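There are 2 protein chains.
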Amino acid sequence: MTSMDDFWAVIPAGGAGTRLWPMSRRTSPKFLHDLTGSGQSLLRATWERLSPLAAERVLVVTGSAHAEAVRAQLPMLPRDAVVTEPSPRDSMPAIGLAAAILERRDPEAVLGSFAADHVITEVAAFHAAVRQAVVLARRGELVTIGVEPTHAATGFGYIREGDPLGVVGAESGRRVREFVEKPDAATARRYVDSGEFRWNAGMFVVGATTLLELLAQTHPDLTDNLRIIASDPRRMTDLWPTLPKVAIDHAVAEPAAAAGRVAVVRASFGWNDIGDFASLAGILAESDRAPRLRVIAGEDDVVSIDSTGLVAADSGRVVAVVGLEDIVVIDTADALLVTTQERAQDVKRVVEELQQRGRADLT
Amino acid sequence: MTSMDDFWAVIPAGGAGTRLWPMSRRTSPKFLHDLTGSGQSLLRATWERLSPLAAERVLVVTGSAHAEAVRAQLPMLPRDAVVTEPSPRDSMPAIGLAAAILERRDPEAVLGSFAADHVITEVAAFHAAVRQAVVLARRGELVTIGVEPTHAATGFGYIREGDPLGVVGAESGRRVREFVEKPDAATARRYVDSGEFRWNAGMFVVGATTLLELLAQTHPDLTDNLRIIASDPRRMTDLWPTLPKVAIDHAVAEPAAAAGRVAVVRASFGWNDIGDFASLAGILAESDRAPRLRVIAGEDDVVSIDSTGLVAADSGRVVAVVGLEDIVVIDTADALLVTTQERAQDVKRVVEELQQRGRADLT
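Here it is in structure tokens:
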């Protein structure tokens, strides 16, 4: 294997995770939690997964409200490895700032951006995919990792593949023809049956300077401002609030794909974005498919009579569930959620309702 | 209307209400709670319902652990109106002791025994039925009140009626042919279709001395001991623990029915024993049949998205329910129950499980 000394892991740690309320809150988002009962938070698990590739070369980009919690969970990181945003500006400014910081440290730097709140079960396969992506990124490609679909999911965007690139060391690499939005069920079925589409897991591997050059084609002012902040962090205060809220997909990935500048590495490593409690229940059922009630917190406090689904007993109270299928019960100190896996997407409506009622403190 | 000066209301206030856990507990049974959101506890509502008939002539028989709570809820009662049992001995010793106390005060006393934890919605019809029952009781009958079935319930015993008695002032009175146990669904259907059966609501109206004479035929020692305790309350300590645990139905009502000594007054007054959360939900739906989520505590703390059923938010926490039909969520300070109306009978299994786990403090 070739050296990865030019590879930097960037971990954007943001998002409120409103569909995982009341476990995830604006003030305590899902990446800070051990949602799967693995013994470590999603953020910490993300760092553990990346450190064999990136060693000390890790940047976390997070909201200033979460910087202290991030440092507490990752005490091995040097102080300047946690980059704080004064306000959320979506993924492009966050990853773009990381790129601007990294190109100053190493003009050859390749960055890989991986969300702090995803789960990956097959780490070796993930590492192999990232290594292939780095090979392609060094050749000037914007590289995404295309996860092999295991079902016709409607909750993810898809990547439409083109021809193999035939690059040594990146045998799974292909051209990307286009990124497509989250499909309806029939379209998702067609995508998966065609064999031409992969899930877009939001992972990008790209030279830091390449990324900024691609960004400059669509957002030259944003690119300039990110480089100014990287060279003089005191400018964060006045410049950051002026930056546009824009996702990396729209700002860079989609236009670059249209220009034939994007590659995809095919991979399959048990990826899950834990978008809601149904997907969390799906992860927990992977190793043991028996229908039963799975407990992610407070095992001793749960009484289950003829029930299946997911329970978190996180308040110290006894939680009794009687005669329910695929139920979701999330019990926390100040809020309780009861729903079904089928309706897990609608949990965000509770958060909206609480905000309308002036109970934003609970969200 | 004739005088009711000889009529005494006896309110047995016992039973843990395990199918209403965690609202009802051994330490805080259902009669102490305002389960229906009426603004007063079931016990207090029972007293309110009886006082127009009995005025000051009320006895409450309860466990010594609940005497203080009973007195606090019924501060108008004189001290000797609350009779305390050192340990639970089922309904016969409780009602029999009341009878023994009352026959000493008034040899002509007629007592009516009405559980502290039932709901009656049509009070005038209830009063009319009791007045008829008193007329029959004065003639030496053991009188029960037979509630007109509104559906083929399997949760109640039934009364099989015989011929009308033709007594002036008790026009709904009939002979009782037999009491029958809780039936299965097909049998219940047959009972209701036949028109011959009424629900046994566990209400008895009978002369105090008549009751003790009937009891003496099956349990002479018990009768003697109850009279000894009534004459010398200091004997409670040594005699009460020796009394048999026996229900009034088995000790008196069934044998007396076989001997042709029992009458029934037909009535219809919106009776419900609130046996479980399904029957509680049924009461709440009576005035407004629209399928919706009914809240019996903490209305402001409940967020309902597309849900129907029953919620108690009694812990001060927010309770959010998303996409569930006929759900039951009972949230208290130290325990949470989630079930369905269909499985409401199985809530008692939670209580059993907690006792087995050494968490009897929660039951």
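Heads up: the protein sequence lines correspond to chains A and B, in order. In case it helps, UniProt numbering puts the first sequence at residues 1 to 363. In case it helps, UniProt numbering puts the second sequence at residues 1 to 363. Even glycine gets a Cβ: it sits at the ideal position worked out from N, Cα and C. Note that the structure is a prediction, hence the values are computed from the model and not measured.
| Bridge partner(s) assigned by DSSP for A9 (chain A) | The count along the first sequence starts at 1 and reaches residue 9 (chain A) at position 9. A9 (chain A) pairs with A:V58 and A:G112.
| A263 (chain B) beta carbon less than 9 Å from that of L222 (chain B) | In the second sequence, the residue the question calls residue 222 (chain B) occupies position 222. In the second sequence, the residue the question calls residue 263 (chain B) occupies position 263. Using a Cβ distance threshold of 9 Å, L222 (chain B) and A263 (chain B) do not count as a contacting pair.
| request: Kindly list the residues whose CB is nearer than 7 Å to the CB of A320 (chain B), restricted to its own chain and excluding five residues on each side of it in sequence; keep chain order. | output: Position 320 of the second sequence holds residue 320 (chain B). The beta carbon of A320 (chain B) sits closer than 7 Å to the beta carbons of V303 from its chain, once the five residues preceding and following it are set aside; these are given in chain order.
| query | What does E342 (chain B) reach in chain A if we use C-beta pairs closer than 8 Å? | reply | The count along the second sequence starts at 1 and reaches residue 342 (chain B) at position 342. Residues of chain A whose Cβ lies closer than 8 Å to the Cβ of E342 (chain B) are, in chain order, G323.
| request: Could you tell me whether the Cβ of T218 (chain B) comes closer than 9 Å to any Cβ of chain A? | output: Mapped onto the second sequence, residue 218 (chain B) falls at position 218. With 9 Å as the cut-off, T218 (chain B) does not count as an interface residue toward chain A.
| field | Classification of K182 (chain A) by the beta-carbon crowding that lies within 10 angstroms, buried from 16 upward | value | Locating residue 182 (chain A) in the first sequence gives position 182, where the first residue counts as 1. Burial call: exposed.
| Who are the Cβ neighbours of R57 (chain B) in its own chain at under 6 Å, not counting the five residues just before and after it? | Within the second sequence, the letter at position 57 stands for residue 57 (chain B). Excluding residues within five positions, the ones whose Cβ falls inside 6 Å are W8.
| field | Same chain, Cβ closer than 8 Å to A312 (chain A), five either side skipped, listed in chain order | value | Counting from 1 along the first sequence, the entry for residue 312 (chain A) is found at position 312. The beta carbon of A312 (chain A) lies closer than 8 Å to those of M23, V295, I296, A297, G298, V329, I330, D331 and T332 in the same chain, with the five residues before and after it left out.
| said: What residue range does the alpha helix (DSSP H) around T36 (chain A) cover? | reply: One-based indexing of the first sequence puts residue 36 (chain A) at position 36. That residue, T36 (chain A), is in no alpha helix (DSSP H); it is neither H nor E in DSSP.
| Looking only at C-alpha atoms, which of B:A360, B:N272, B:V176 and B:R359 sits nearest to A115 (chain B)? | The residue given as residue 115 (chain B) occupies position 115 in the second sequence. Residue B:N272 is the option with its Cα nearest to A115 (chain B).
| field | Neighbour list for L20 (chain B) in chain A, Cβ cutoff strictly below 7 Å | value | Taking the first residue of the second sequence as position 1, residue 20 (chain B) is located at position 20. Correct list: empty, because the minimum Cβ distance to chain A is about 13 Å.
| said: Within the continuous alpha helix (DSSP H) that includes R71 (chain B), where are the two ends? | reply: Within the second sequence, numbered from 1, the residue matching residue 71 (chain B) stands at position 71. Taken as a continuous stretch (DSSP letters only), the alpha helix (DSSP H) holding R71 (chain B) covers A67 to Q73.
| task | Apply the 10 Å Cβ neighbour rule to M203 (chain B) and answer buried if 16 or more other Cβ atoms are within range, or exposed otherwise. | result | Numbered from 1 along the second sequence, position 203 holds the residue referred to as residue 203 (chain B). In this structure M203 (chain B) is buried. Its beta-carbon is surrounded by 16 or more other beta-carbon atoms within 10 angstroms.
| Distance between D288 (chain A) and A230 (chain A) (C-alpha atoms, nearest Å) | One-based indexing of the first sequence puts residue 230 (chain A) at position 230. One-based indexing of the first sequence puts residue 288 (chain A) at position 288. Taking the straight line joining both Cα atoms gives about 47 Å.
| request: Report buried or exposed for G166 (chain B), applying the criterion of at least 16 other Cβ atoms within 10 angstroms of its Cβ. | output: Walking along the second sequence from the start, residue 166 (chain B) turns up at place 166. G166 (chain B) is classed as exposed because its beta carbon has fewer than 16 other beta carbons within 10 Å across all chains shown.
| Is G146 (chain A) helix, strand or coil by DSSP? | Taking the first residue of the first sequence as 1, we reach residue 146 (chain A) at position 146. Residue state, collapsed to three classes: strand.
| task | Select from B:P52, B:V61, B:L43 and B:S87 the residue whose C-alpha is nearest the C-alpha of Q73 (chain B). | result | Along the second sequence, one-based indexing puts residue 73 (chain B) at 73. The residue with the shortest Cα to Cα distance from Q73 (chain B) is B:L43.
| Can you name, in chain order, every residue of its own chain whose Cβ lies under 6 Å from the Cβ of M236 (chain B), other than the five neighbours on each side? | Mapped onto the second sequence, residue 236 (chain B) falls at position 236. Cβ within range, chain order: I229.
| task | For W240 (chain B), name the three-state secondary structure that DSSP assigns. | result | Counting from one through the second sequence, the residue named residue 240 (chain B) turns up at place 240. In this structure, W240 (chain B) counts as helix in the three-state DSSP scheme.
| said: Once the 5 residues before and after V163 (chain B) are set aside, which same chain residues still bring their CB inside 6 Å of it? | reply: In the second sequence, the residue the question calls residue 163 (chain B) occupies position 163. Before going on, a small fix: residue 163 (chain B) reads as Asp here, not Val. These residues qualify, in order along the chain: R175.
| Based on the DSSP secondary-structure assignment, which residues constitute the bridge partners of F179 (chain A)? | By 1-based counting over the first sequence, the position of residue 179 (chain A) is 179. Looking at the DSSP assignment, F179 (chain A) forms a beta bridge with A:I159.
| Which residues in chain A sit within 7 Å of E353 (chain B), going by Cβ to Cβ distance? | Counted from its first residue, the second sequence places residue 353 (chain B) at position 353. Identification of chain A residues near E353 (chain B) by a Cβ-Cβ cut-off of 7 Å yields V303, ordered along the chain.
| Does D334 (chain B) have its Cβ less than 9 Å from a Cβ in chain A? | Stepping through the second sequence from its first residue, residue 334 (chain B) is reached at position 334. Closer than 9 Å: yes.
| query | At what residues does the alpha helix (DSSP H) containing D224 (chain B) begin and finish? | reply | Here residue 224 (chain B) refers to the residue found at position 224 of the second sequence. Residue range P220 to S231 is occupied by the alpha helix (DSSP H) that includes D224 (chain B).
| Where DSSP assigns a beta bridge to R25 (chain A), which residues make up the other side? | Looking up residue 25 (chain A) in the first sequence gives position 25. Its beta-bridge partners are A:S28.
| task | Establish whether the CB of L310 (chain A) and some CB of chain B are separated by less than 9 Å. | result | Translated into positions along the first sequence, residue 310 (chain A) becomes position 310. Output row for L310 (chain A): interface = no.
| message | With DSSP as the reference, identify every bridge partner of P164 (chain A), one or two as the case may be. | response | Residue 164 (chain A) sits at position 164 when you count from the first residue of the first sequence. Paired residues: A:R174.
| request: Under 8 Å between beta-carbons, which chain B residues line up against D346 (chain A)? List them in chain order, please. | output: Residue numbering aside, residue 346 (chain A) sits at position 346 when the first sequence is read from its first letter. Neighbours of D346 (chain A) on chain B, chain order: I305, D306, V322 and G323.
| task | In the DSSP assignment, find the beta strand (DSSP E) that holds R266 (chain B) and state where it starts and stops. | result | Residue 266 (chain B) sits at position 266 when you count from the first residue of the second sequence. Counting along the chain, the beta strand (DSSP E) containing R266 (chain B) begins and ends at V262 to A267.
| field | D238 (chain A) versus H219 (chain A) - alpha carbon distance | value | Here residue 238 (chain A) corresponds to residue number 238 of the first sequence, with the count starting at 1. Here residue 219 (chain A) corresponds to residue number 219 of the first sequence, with the count starting at 1. Rounded to the nearest angstrom, the two C-alpha atoms are 19 Å apart.
| field | Neighbour list for V350 (chain A) in chain C, Cβ cutoff strictly below 7 Å | value | This model lacks chain C altogether, as its protein chains are A and B.
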